[in-house]
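Here's the structure we're looking at; comments come further down.
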Amino acid sequence: MNGIKHVLVGVSQAGDTVFGKAKVEIQKFLKDNGIDADVRKARSLSVEGERFDLLFYPLRLKFRGLTLDGLAEALNRAVSGEEVEIDESLPSEKMIPLNQKRIVLEHVGIIDPESIDEYIEAGGYQALRKALSMKPEEVIETVKASGLRGRGGAGFPTGLKWEFTAKAEGEPKYVLANADESEPGTFKDRVIEEGDPHRLIEGIVIAAYAIGASQGYVFVRGEHTVSIKRLQKAVKDAYERGFLGENIMDSGFSFELKLARSAGGYICGEETALIEALEGKRGQPRVKPPYPPQQGLWGKPTLVNNVETLSSVPPIILNGAEWFRGFGTENSPGTKIYSVLGHTVHTGFFEAELGITLRELIFDYGGGIKNGRKFKAALVGGAAGAFIDDLDIKLDFDSLKAVGGMLGSGAVLVMSDEADPVDVLLSVVRFFSRESCGKCVPCRVGTRMLVEMISKMKNGECRRDDLDRMLKVAEYMKLTSFCPLGQSVYPPLKSAMEIFRPQFEGLCKN
Ligand SMILES: Cc1cc2nc3c(=O)[nH]c(=O)nc-3n(C[C@H](O)[C@H](O)[C@H](O)COP(=O)(O)O)c2cc1C
Ligand code: SF4
945 MNGIKHVLVG
955 VSQAGDTVFG
965 KAKVEIQKFL
975 KDNGIDADVR
985 KARSLSVEGE
995 RFDLLFYPLR
1005 LKFRGLTLDG
1015 LAEALNRAVS
1025 GEEVEIDESL
1035 PSEKMIPLNQ
1045 KRIVLEHVGI
1055 IDPESIDEYI
1065 EAGGYQALRK
1075 ALSMKPEEVI
1085 ETVKASGLRG
1095 RGGAGFPTGL
1105 KWEFTAKAEG
1115 EPKYVLANAD
1125 ESEPGTFKDR
1135 VIEEGDPHRL
1145 IEGIVIAAYA
1155 IGASQGYVFV
1165 RGEHTVSIKR
1175 LQKAVKDAYE
1185 RGFLGENIMD
1195 SGFSFELKLA
1205 RSAGGYICGE
1215 ETALIEALEG
1225 KRGQPRVKPP
1235 YPPQQGLWGK
1245 PTLVNNVETL
1255 SSVPPIILNG
1265 AEWFRGFGTE
1275 NSPGTKIYSV
1285 LGHTVHTGFF
1295 EAELGITLRE
1305 LIFDYGGGIK
1315 NGRKFKAALV
1325 GGAAGAFIDD
1335 LDIKLDFDSL
1345 KAVGGMLGSG
1355 AVLVMSDEAD
1365 PVDVLLSVVR
1375 FFSRESCGKC
1385 VPCRVGTRML
1395 VEMISKMKNG
1405 ECRRDDLDRM
1415 LKVAEYMKLT
1425 SFCPLGQSVY
1435 PPLKSAMEIF
1445 RPQFEGLCKN
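Here this note's numbering = 1-based position in the sequence shown + 944.
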C-alpha cells in the first residue's frame, strides 16, 4: 500500500448513502493501518444501487461491484500485497488489475470532474500556458510531429487538419468539438466529458490558439445529460478563472466557447451535418469539397475534431511529440480508448496503446470470453466496422484498413460461439436504416432492402443467390451513397458474408 494517495469509491448516481457508509469504514481502516490517503467519491458507470467500485490510486487496484459486506475483505486483500488476479469465485466482486496506459483518461475517476481546482492541482491548464508561450505554428508543428490521428473514425492526421484551417482565408474561424457520439456501443467521449471535462476544454483552447479561432462550440449529444451538466459547469469555471474569454492567461489571445445540444440523430455526428444542425437547419450532410477547414460553420474556416482527439493534445504539448510517439505504432501513435461490449467477462472502456492485438483487448483487458465459451468473432470499429475472427489482428488504423475494416470509434463487440451472427448483422443494418437521413436514394432505399432481405434469411425464407444479391446492394450503396453513412453498410455485410457464409447458407432454402 506504499505510495497510495487516494481511495476512490465509485458509486451510482443514487449512491450517496452507500458512499457515506463506505467512507467511514475505509477511513477507519486507513487510520488503523497508518495509511495517509484520502477517500473520494467517484461516479461508476457500471454499478447500480448499493454496489460500488473501489479503486486504489496510484496502485490502480480495482474491485468492481462490491457491497458493504465485502468491503473489509477487499481492504485486507489490497494491503496484503498479494498478486491481484481476477477472482472468479467472487462473481460480482471482481478484482481487476488496471494495466491500462492512461494518457487521455489519466484523471478520469481520480479527480472530481466538477472541481477546476482539482484539475489544476493535477497539472491541468499547464499545457495551455505552454502553448500560449509558443507561436501558433510551433503548436501545429508539435501536433503534426506527434502523428496524432483523429479519433472520430477516419483517422485523419490532426496536425495537418489544423494547418489547413490555420492557412484558410476568412474570419472568424471556429473550433467545433464533436461530442455527438451516437454510434451503438460507443461511449468513449462520454467518459471524458463526464470524468474530465476540463481536459477537453484545454484541448479546444489550444486548438483555437493554433488555428487562430475566436469562437467554438461543443456539439454534445442531447441524451448525455451528465456530460452536459459537467461541461456547463466546467465552461463557467474556466471563464471565471480566465482560461476562456478575453485575454486568456494574459496572453492577448481571446476565445469564446459555448455548448450546443444535439437534437439527436447519428448523422449529426458527420461533420457537415453537424455544421448544418448548428446553423439551425435539418442535420443532413453537405457536398464535399469544400471541406470544413475551407468553408464550415456560416461558410467560415472551421476545425471539427473529435472529443478524444482534442483531449489527447494537452499531454502532447506538455511532454512533446517524441514522447507521444513512444506509444502505439509508427503510423498510429498514442493510445486509444476502446469500448468493449458483448460476451467478455468485463465490458467497459479501456485505454491502451494503439496496435495491441484483438486477443490482448479481449483476454487481457476484457478478462476473456464469458461463461467459459469460445470466441467466435468480433465486430471491430463500431457498427461501420468489420466482423473479424483473427485474434491476432492489430488494432490500429492501417492494420484494420488492410483487411477491409476500420478502427472507427474503437468499439469492439465481442461474440462468443453462442452469438447469432444473423441477429447481430440485422441489428447493425437496422440501425443504419433507422438513422439514414433520407437525402439520397441508395442509402434510404438500400438499407430498407437489406433489412428485409436479412429478416427473410433469419426466417429461413431466402435462397442462396439472395446472399450474393445482398452483397450487390451493399456494393452499390458503397459506390453511390452521398455520405459515409450509406457507404458504411458494406464492411459489416461483406465481412459477415465471408466469415459466416456457411451458417447463412444453412438458412437458405436452396
Ligand atoms: C454518420 C457519421 C457519424 C459520425 N459521428 C461522429 C461522432 O459522433 N463523433 C465524431 O467525432 N465523429 C463522427 N463522425 C466523423 C466526423 O465526420 C469527423 O470525421 C470527425 O468529427 C473529425 O474529427 P477527428 O479528425 O478528430 O476524428 C461521423 C461520421 C459519420 C459519417
Ligand atoms: S448516405 Fe444516407 S445518411 Fe448519407 S446523405 Fe445519403 S441518405 Fe443521408
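Positions of the beta carbon are idealized from the N, C-alpha and C atoms, including for glycine.
None of these values were measured; they are calculated from a predicted model.
Item	Value
One or two residues paired with G1286 in a DSSP bridge	V1358
Distance between M1359 and V1289 (C-alpha atoms, nearest Å)	12 angstroms
Classification of M1039 by the beta-carbon crowding that lies within 10 angstroms, buried from 16 upward	Residue placement at M1039 is flagged as unreliable, the pLDDT there being 37, under the threshold of 50; the coordinate-derived value follows with that caveat. Per the 10 Å Cβ criterion, buried.
Local Cβ density within 10 Å of W1106, reported as buried at 16 or more and exposed below that	buried
Buried/exposed call for F1163, threshold 16 Cβ in 10 Å	buried
Outcome for P1035 when other beta-carbon atoms lying within 10 angstroms are tallied against a minimum of 16	Confidence is the limiting factor: at P1035 the pLDDT is only 30, short of 50, which leaves the residue's position unreliable and the question unanswerable from this model.
Per-residue burial, E1113 [other beta carbons within 10 Å of its own, 16 or more giving buried]	exposed
S1255 versus D976, E1396 and H1142, residue with shortest Cα-Cα distance	H1142
Outcome for Q1447 when other beta-carbon atoms lying within 10 angstroms are tallied against a minimum of 16	exposed
Burial state of F1007, where buried means 16 or more other Cβ atoms lie within 10 Å	buried
7 angstroms CB neighbourhood of G1156 in its chain, flanking five on each side removed	P1080, A1110 and K1117
Proximity test, K1422 beta-carbon vs ligand 2 heavy atom, cut-off 7 angstroms	no
L1344 burial status per 10 Å Cβ neighbour count (16 or more: buried)	buried
8 angstroms contact criterion, which N1315 and A1121 should meet: CB distance rounded	About 40 angstroms; that fails the 8 angstroms criterion.
Per-residue burial, T1253 [other beta carbons within 10 Å of its own, 16 or more giving buried]	buried
Euclidean distance between Cα positions of L1019 and S1432	48 angstroms
8 angstroms Cβ cutoff met for T1216 and K1232	yes
Chain-order list of residues whose beta-carbon lies under 8 angstroms from that of N1191 (same chain, five-residue window excluded)	F1197 and S1198
Residues bridged to V983 (per DSSP)	V951
Check: I1219 C-beta below 7 angstroms from any heavy atom of ligand 2	no
C-beta atoms of G1329 and K1438 nearer than 8 angstroms	no
Beta-ladder partner(s) of E1190, from DSSP	Answer is none; E1190 lacks a bridge partner.
Distance between Q1044 and R1388 (C-alpha atoms, nearest Å)	41 angstroms
Member of F963, L1104 and M1393 whose CA lies at the smallest distance from the CA of L1411	M1393
Touching by the beta-carbon criterion (3+ pairs, under 8 angstroms), the stretch 1233–1242 and the stretch 1257–1271	no
Own chain residues within Cβ distance below 7 angstroms of P1128, not counting five before or after	A1327 and F1375
Inter-residue Cα distance where the pair is R1413 and Y1434	13 angstroms
Where I928 sits in the DSSP three-state scheme	This structure leaves residue 928 out entirely; the chain is present only between 945 and 1454.
Among R1303, A1016 and L998, nearest to N977 - alpha-carbon criterion	A1016
Proximity test, C892 beta-carbon vs ligand 2 heavy atom, cut-off 7 angstroms	As displayed, the chain neither begins before 945 nor continues past 1454, which places residue 892 out of reach and without an answer.
Same chain, Cβ closer than 6 angstroms to K1177, five either side skipped, listed in chain order	E1058
F930: first and last residue of the uninterrupted beta strand (DSSP E) it sits in	Outside the shown range of the chain (945 to 1454) lies residue 930, about which nothing can therefore be said.
Check: P1116 C-beta below 7 angstroms from any heavy atom of ligand 2	no
Simplified DSSP state of G1091, which is helix, strand or coil	coil
Cβ-Cβ distance between Y1309 and A1322 below 8 angstroms	no
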